[in-house]
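Trainee: Those letters in the sequence shown? Residues 1 to 403, by the working numbering.
The structure's right below; bear with me while I get my questions together.
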Amino acid sequence: MGQGQTRLRLRALELLKEKGPQSRAELSRSLAVSRSTISSLIAELLAEDVVVDLGDDPLGTKQAGRPGVRVGLKAPQGYFVGIDFGRLRINVAIADANYRIIDQLSCDFDIDIAAETALDLAAESVETLIAHTAIDRRAIHAVGVGVPGPVDAATGMLHAGSILASWVGADVPGGLSRRLGLPVYMDNDANLGALAESVYGAAVGTKVTLYVLLSYGVGLGIVINGQVFRGSSGIAGELGHIVTDEHGPLCRCGSRGCLEARVSILALAKALGTSHGAVSPDEMLRLAGEGSTGASRIVADAGVMVGRSIGDLCNYFNPELVLIGGELMRAGETLLNPLKDAMRRYSIARATERVKVMPGALGEQAEIIGTILFAGEQSFKAMAGKSGTSAPAAARTVLQGSD
Ligand SMILES: [Zn+2]
């Protein structure tokens, strides 16, 4: 092996250690060598069992060998924790530094409880997971947090005037950081779902992907050339609060007829109450999946409303891919077919003729995987900033724990 090759090999391994898993394309850009040179180097490292292809990992995707698929060190150092706050559930996961989930758990809660109580509950769940996996907490690099509300891109905190009324003013990252003694980074849940799909899911290697999260809330993550687009201050993607009917139901944001107020799975379950009595969102989704008349109608109508908004978005963004995530996707084609029809009807034909609309590849795991990826990205950036290497320091506030 020539000297140049040895140097390249060392630099590639160093990069994987400092920045976490990388795709062949990313490595080729960072090391300023051709894709074919990187491909043969990675083939060598794979054969020697020094690195692993993360394409067919426990995240459930089967894409090994695709150019966007990342490779990581065989024995990466340390762990990341993810916390995803849904409206009625907290999901918590712990992963290795190649973002492979080792263990996860979820607990019920209500996002309308006081933020401090929610943070206690989340911290307790993380402690349970740490104890259960017997992982040395000193080896945990960072915690990523997803919330169903807009996160200020400058401060990394919930936007003032956030739609999470009982959480306004609460320092979620700081509060979790103090409780856990770890650095904490936070983002909007749909952005994190979009991030996960763009790294490990269906959006790998796409130019423009819209990730639409249809759950207890409605969210949108916009991925442009592999980067999540957050707008000038982090509000980009508040799809749930575009007004679709000014005489519609009052929304939690204080406006009327927001898309979320009409198609959140809670709103749909409530609407089904008229014909079926009290029905939980899970039950409503099950009935819709089985083709039960009332439930199918409600879900199909929701598909039309969402599809119309997606049609508008296609005119703005000209995406090649629209991914639908969240629990409402359990209704399958009952949701997807009317959604696609409405999207086409309410957009410029050229903007939607080639758009693929499909469920996200990571399903309901997308958001929690996104929290882990975000923790990794921000943590590796912060470490690079500290050690004075070329990578920029974290653009968002770096909230350190009591370490
Ligand atoms: Zn609203």
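Built from N, CA and C at the ideal position, the CB exists for glycine as well.
#1: Just to check, is the beta-carbon of His-241 closer than 8 Å to a non-hydrogen atom of ligand 1?
#2: I need the straight-line Cα distance from Leu-220 to Ser-106, nearest angstrom please.
#3: Within 8 Å, do at least three Cβ pairs link the stretch 127 to 135 to the stretch 151 to 165?
#4: Out of Val-52, Ile-90, Arg-9, which has the shortest C-alpha to C-alpha gap to Gln-365?
#5: Out of curiosity, what's the CA-to-CA distance linking Leu-15 and Arg-9?
#6: Gln-63: buried (16+ other C-beta within 10 angstroms of its C-beta) or exposed?
#7: Taking the DSSP output, what are the residues bridged to Met-383?
#8: If I measure Cβ to Cβ from Ala-342 and keep anything under 6 Å in the same chain, skipping five residues before and after, which residues do I get?
#9: Following a CB-centred definition, is Ala-423 positioned closer than 8 Å to any heavy atom of ligand 1?
#10: By the three-class DSSP mapping on this structure, what secondary structure does Thr-155 have?
#11: Grouping DSSP H, G and I as helix and E and B as strand, with all else coil, what is Ile-101?
#12: Starting from the C-beta of Glu-367, find all residues in its chain whose C-beta is less than 6 Å away, skip the five residues before and the five after it, and write them out in chain order.
#13: Note down the Cα distance separating Gly-240 from Ala-261, rounded to an integer number of angstroms.
#14: Check for me: the beta strand (DSSP E) holding Phe-109 runs from which residue to which?
#15: Work out the CA separation of Val-81 and Gly-60 for me, nearest whole Å.
#16: With DSSP run on the structure shown, which of helix, strand or coil describes Gly-146?
#17: Could you work out which residue in Ala-203, Ala-122, Gly-234 is closest to Leu-180 when comparing CA atoms only?
#18: Of all the alpha helix (DSSP H) runs that stay within the bounds of the stretch 167 to 223, which reach a length of 4 or more residues?
#19: Fully enclosed by the stretch 266 to 295, which beta strand (DSSP E) runs are 3 residues long or longer?
#20: Classify Arg-138: buried if its beta carbon has 16 or more other beta carbons within 10 angstroms, exposed otherwise.
#21: So, using beta-carbon positions, are Ala-361 and Ala-236 closer together than 9 Å?
#22: Confirm the yes/no value for this check: CB of Arg-252, any heavy atom of ligand 1, distance under 8 Å.
#23: Helix or strand or just coil, what does DSSP make of Lys-74?
#24: Ile-94 and Asp-103 - do their beta-carbons sit closer together than 9 Å?
#25: Looking only at its own chain, which residues have a Cβ that is under 6 Å from the Cβ of Val-357, when we skip the five neighbours before and after it?
#26: Just grab the DSSP bridge partners of Gly-82 for me.
#27: Using the Cβ count rule (16 or more neighbours within 10 Å means buried), how would you classify Asp-187?
#28: Using C-beta distances below 8 Å, list every residue in its chain close to Arg-35, excluding the 5 sequence neighbours before and after it, in chain order.
#29: What first and last residue would you give for the alpha helix (DSSP H) that runs through Gln-5?
#30: Does ligand 1 have a heavy atom nearer than 8 Å to the CB of Ser-255?
#31: With hydrogens ignored, establish whether the beta-carbon of Cys-314 is closer than 8 Å to any heavy atom of ligand 1.
#32: For Arg-350, name the three-state secondary structure that DSSP assigns.
#33: Strictly by DSSP, which residues pair up with Val-355?
#34: Around the C-beta of Asp-403, are 16 or more other C-beta atoms found within 10 angstroms, so that it is buried, or is it exposed?
#35: Name the one or two DSSP bridge partners that Asp-301 has.
#36: Mind checking Asp-245: buried by the 16 CB within 10 Å criterion, or exposed?
Mentor: With the given structure in hand:
#1: Distances taken from the Cβ of His-241 to the heavy atoms of ligand 1 include one shorter than 8 Å.
#2: Each residue's Cα considered, the two are about 23 Å apart.
#3: Taking 8 Å as the limit for Cβ pairs, the verdict is that the stretch 127 to 135 does not touch the stretch 151 to 165.
#4: Residue Ile-90 is the option with its Cα nearest to Gln-365.
#5: It is roughly 10 Å from the alpha-carbon of Leu-15 to the alpha-carbon of Arg-9.
#6: Confidence at Gln-63 is low in this model, with a pLDDT of 45, below 50, so the placement of that residue is unreliable and no value is reported for it.
#7: DSSP lists no partner for Met-383.
#8: Around Ala-342: Val-304, Gly-307, Arg-308.
#9: As displayed, the chain neither begins before 1 nor continues past 403, which places residue 423 out of reach and without an answer.
#10: Three-state DSSP puts Thr-155 in coil, outside helix and strand.
#11: It is a strand residue.
#12: If we look at Glu-367 and ignore the five residues flanking it on each side, its Cβ neighbours are Asp-84, Gly-146, Asp-189, Leu-192, Gly-193.
#13: When rounded, the distance between both Cα atoms is 8 Å.
#14: Where Phe-109 is concerned, there is no enclosing beta strand (DSSP E), given that its DSSP letter is neither H nor E.
#15: Note that Gly-60 scores a pLDDT of 45, beneath 50, so its modelled location is shaky; the value from the coordinates is reported in the next line. Cα-Cα distance, rounded: 19 Å.
#16: Three-state result, Gly-146: strand.
#17: Comparing Cα positions, the closest option is Ala-122.
#18: Here the runs fully enclosed are 172 to 180, 189 to 199.
#19: For the beta strand (DSSP E) assignment, the stretch 266 to 295 encloses no uninterrupted run of at least 3 residues.
#20: Exposed, since its Cβ has fewer than 16 Cβ neighbours within 10 Å.
#21: Cβ atoms of Ala-361 and Ala-236: not closer than 9 Å.
#22: Checking the Cβ of Arg-252 against ligand 1 gives yes.
#23: The answer is coil: DSSP assigns Lys-74 none of H, G, I, E or B.
#24: Asp-103 places its beta carbon less than 9 Å from that of Ile-94.
#25: Scanning its chain for C-beta atoms nearer than 6 Å, with the 5 sequence neighbours on each side dropped, one finds around Val-357 the residues Val-322, Lys-340, in chain order.
#26: BP columns for Gly-82 point to Ala-93, Gly-144.
#27: Asp-187 comes out buried.
#28: Correct list, in chain order: Arg-24, Ala-25, Ser-28, Pro-67.
#29: Going by DSSP, Gln-5 is part of the alpha helix (DSSP H) stretching over 3 to 19.
#30: Yes; taking the cut-off as 8 Å, the Cβ of Ser-255 has a heavy atom of ligand 1 nearer than that.
#31: In this structure, the C-beta of Cys-314 stays at least 8 Å away from each heavy atom of ligand 1.
#32: Helix.
#33: According to DSSP, which records beta bridges pairwise, Val-355 is partnered with nothing at all.
#34: The predicted position of Asp-403 is uncertain, since its pLDDT is 32 and thus under 50; a value taken from the coordinates is nonetheless stated next. Result: exposed.
#35: For Asp-301, DSSP records no beta bridge to any residue.
#36: Within 10 angstroms of the beta-carbon of Asp-245 lie fewer than 16 other beta-carbons, which makes it exposed.
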